Each structure stands twice: as structure tokens, then as C-alpha cells.
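Visitor: Using numbering that gives the first Met the number 0, the first residue of the sequence shown is number 0, and each one after it goes up by one. Glycine residues also receive a C-beta, built at the ideal position from the N, C-alpha and C atoms. All values derive from a computational prediction rather than experimental measurement.
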Amino acid sequence: MVYDTPLIVLASTKVGDKSLVLHTLSPGWGRRSFITGTGKGAAMAMFLPLSLLDCEVVENPKSDLWRARSLSVSEPLAGIRGNVRKNTMCLFMSEVLYRTIKDGALEDGLFEWCRGSILTLDALQADFSNYHLRFLLEFAGALGFSPTLEDLAPFAGEHYAVVRDLVQADAAESLLIPMTGAQRNAVASLLLDYIGFHTESQLNVRSLHVLREIFS
Numbered sequence: 000m001v002y003d004t005p006l007i008v009l010a011s012t013k014v015g016d017k018s019l020v021l022h023t024l025s026p027g028w029g030r031r032s033f034i035t036g037t038g039k040g041a042a043m044a045m046f047l048p049l050s051l052l053d054c055e056v057v058e059n060p061k062s063d064l065w066r067a068r069s070l071s072v073s074e075p076l077a078g079i080r081g082n083v084r085k086n087t088m089c090l091f092m093s094e095v096l097y098r099t100i101k102d103g104a105l106e107d108g109l110f111e112w113c114r115g116s117i118l119t120l121d122a123l124q125a126d127f128s129n130y131h132l133r134f135l136l137e138f139a140g141a142l143g144f145s146p147t148l149e150d151l152a153p154f155a156g157e158h159y160a161v162v163r164d165l166v167q168a169d170a171a172e173s174l175l176i177p178m179t180g181a182q183r184n185a186v187a188s189l190l191l192d193y194i195g196f197h198t199e200s201q202l203n204v205r206s207l208h209v210l211r212e213i214f215s
């Protein structure tokens with residue numbers, strides 16, 4: 000069987016000289032990996048974290064690792080790819096998704112929410128330094144445990160006031176909350192702790208230190 004599907008690239012693993020395993024999110028399979036052939040140069044750009052693709056998936060009755068072929072970019076994300084700070088944020092967001100969502104997990108509406116979050120970041124022209132914090136809050140909600148201030152209080156510590164402002168603000172207002180780099184980093188860490196607690200996983204998000212450097 001051959002299926003047409005959109006994909007969000009979470010990460011990729013090189014296999015030999017001419018193949019990649021794509022770790023993806025899709026509306027029909029949730030978190031799933033596919034193998035695909037690779038080109039050179041510009042063609043490799045489509046496999047960057049959080050790339051939005053369309054492709055054909057070829058079922059393999061002898062393996063759970065199906066093949067993705069005829070891949071094309073559905074959204075160029077020019078607003079992200081041309082911006083170092085957005086690219087760094089994108090790397091962080093994709094790693095959070097990759098480390099949190101388990102293989103085979105299919106959460107209703109998660110693909111659509113992720114796609115919308117990526118396109119929102121792509122479209123923002125300014126004031127996006129807090130966007131990853133809003134992303135983490137909404138991601139928790141998409142997983143089924145929307146955080147309240149009471150839920151976050153045990154994780155907030157000395158940053159309670161900033162967390163309160165973030166939780167009580169709407170999406171647009173949350174991007175305008177003034178924070179120092181240290182506050183922003185601390186809130187990102189505590190939100191990761193909160194998500195890790197609810198998903199019973201240790202979220203060692205390595206790209207967080209890169210984000211700290213860029214937005215410090």
C-alpha cells in the first residue's frame with residue numbers, strides 16, 4: 000500500500016551514505032520513523048528540524064520501518080530558516096517533541112497543533128524571545144494536562160511571579176512579558192521539569208544550553 004501524508008520532521012539519523020531515518024510526526028500515525036533516500040545540497044535542507052513535508056509512504060509488510068518517497072516541502076518556512084534565533088528556537092522545540100512523544104504515540108490533534116505552532120513562529124516578525132515558553136505551556140495542554148498556576152507553583156520557586164504572568168496572559172500578551180535572559184532560561188527549565196513529571200520521563204534537552212546562549 001502507498002499512502003499520501005504530511006510529515007513534521009522531529010529529527011533524522013543517517014544510515015549509510017545514501018539513506019536517512021526520519022523521526023516524524025504525522026496526523027495518521029503520530030510519532031513514527033521512516034527511511035528515505037537522500038540527495039545533496041539543497042535537498043538536505045528539507046530534513047532540518049520541524050520541516051513541513053508532503054510525501055508518499057510505502058508500506059513494508061516485512062518491517063515496521065516503512066519508506067518515505069517523493070518528498071516535497073509543503074511550507075518553506077523562510078521566516079525561520081533565514082533567522083539564526085528562530086532556527087535555534089526551532090531546534091529546541093523539535094528536541095522537546097522528539098524526547099517527549101514516544102514512538103507510536105498518536106495524540107488527537109497534536110499534529111495540527113504542532114504545525115500551527117511552527118507556522119506561527121515562522122510568521123512572527125518581532126517579540127518572539129518568549130515564544131518557546133508559550134510553546135511549552137501549550138504543548139502540555141496538547142498532551143492533555145493544561146497547566147494551571149496551582150499546578151506550576153511547586154516547580155516555580157523564586158520565579159513564581161513570572162510564571163503567574165505567563166499563565167494568565169493570552170498567547171499574544173505572553174510574548175510581551177518582560178524577562179531577563181536568566182528568568183527566561185529558568186522558566187524554560189521548570190516547564191520542562193513539569194512536562195517531564197507528567198510524562199514520567201527525564202527530559203534532557205541538550206539544545207537548551209544553545210538557546211540560553213542565543214537569548215541571554
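As a quick exercise: from S25, Y2, T35 and L24, pick the residue whose alpha carbon is nearest that of T12.
Guide: Here residue 12 refers to the residue found at position 13 when the sequence shown is read from its first residue. Selected option, being the one with the closest Cα: T35.
Visitor: How do the stretch 88-95 and the stretch 41-50 stand: do at least 3 beta-carbon pairs fall below 8 Å, yes or no?
Guide: Result yes; three or more Cβ-Cβ pairs closer than 8 Å.
Visitor: For the pair the stretch 201-211 and the stretch 145-165, tell me if three or more CB-CB distances fall below 8 Å.
Guide: The stretch 201-211, when compared against the stretch 145-165, does not touch it at the 8 Å Cβ threshold.
Visitor: Within a Cβ cutoff of 8 Å, which residues of the same chain sit near L148, ignoring the five residues on either side of it in sequence?
Guide: As a first step, residue 148 must be located in the sequence shown, where it is residue number 149. Here the set comprises V162, R163, V166 and Q167.
Visitor: Could you have a look at P5 and say whether DSSP puts it in helix, strand or coil?
Guide: Here residue 5 is taken as the residue at index 6 of the sequence shown, counted from 1. P5: strand per DSSP, three-state reduction.
Visitor: Around the C-beta of P60, are 16 or more other C-beta atoms found within 10 angstroms, so that it is buried, or is it exposed?
Guide: Here residue 60 is taken as the residue at index 61 of the sequence shown, counted from 1. Burial call: exposed.
Visitor: Considering only residues of the same chain and omitting the five flanking positions on each side of I176, which have a CB-CB separation below 8 Å?
Guide: Translated into the one-based positions of the sequence shown, residue 176 becomes position 177. Contacts found: N129, V161, D164, L165 and A168.
Visitor: Examine the Cβ distances between the stretch 114-128 and the stretch 73-82 and report whether three or more of them are shorter than 8 Å.
Guide: With a cut-off of 8 Å, the stretch 73-82 and the stretch 114-128 count as touching, because enough Cβ pairs lie within range.
Visitor: From E137 to F214, what does the alpha carbon distance come to, in whole angstroms?
Guide: Here the question's residue 137 lines up with position 138 in the sequence shown. Here the question's residue 214 lines up with position 215 in the sequence shown. Their backbone Cα atoms lie some 21 Å apart in a straight line.
Visitor: Give me, in chain order, the residues of the same chain whose beta-carbon lies closer than 8 Å to that of K17; leave out the 5 immediate sequence neighbours on both sides.
Guide: Translated into positions along the sequence shown, residue 17 becomes position 18. Same-chain partners within the cutoff: G36 and T37.
Visitor: Excluding the 5 residues flanking V209 on each side, which residues of the same chain have their C-beta closer than 8 Å to its C-beta?
Guide: What you label residue 209 is simply residue 210 of the sequence shown in a count that begins at 1. Only T87, L90 and F91 meet the Cβ criterion.
Visitor: Just curious, the alpha helix (DSSP H) that W28 is in, first and last residue?
Guide: As a working mapping, residue 28 is identified with position 29 in the sequence shown. Taken as a continuous stretch (DSSP letters only), W28 belongs to no alpha helix (DSSP H), as it is neither H nor E.
Visitor: Please give me, in chain order, every unbroken run of the alpha helix (DSSP H) with length at least 4 that falls completely inside the stretch 119-164.
Guide: List check, alpha helix (DSSP H) in window: 130-141 and 148-155.
Visitor: Whole angstroms are fine: how far does the CA of P153 sit from the CA of A141?
Guide: Stepping through the sequence shown from its first residue, residue 141 is reached at position 142. Stepping through the sequence shown from its first residue, residue 153 is reached at position 154. Computed Cα separation, rounded: 21 Å.
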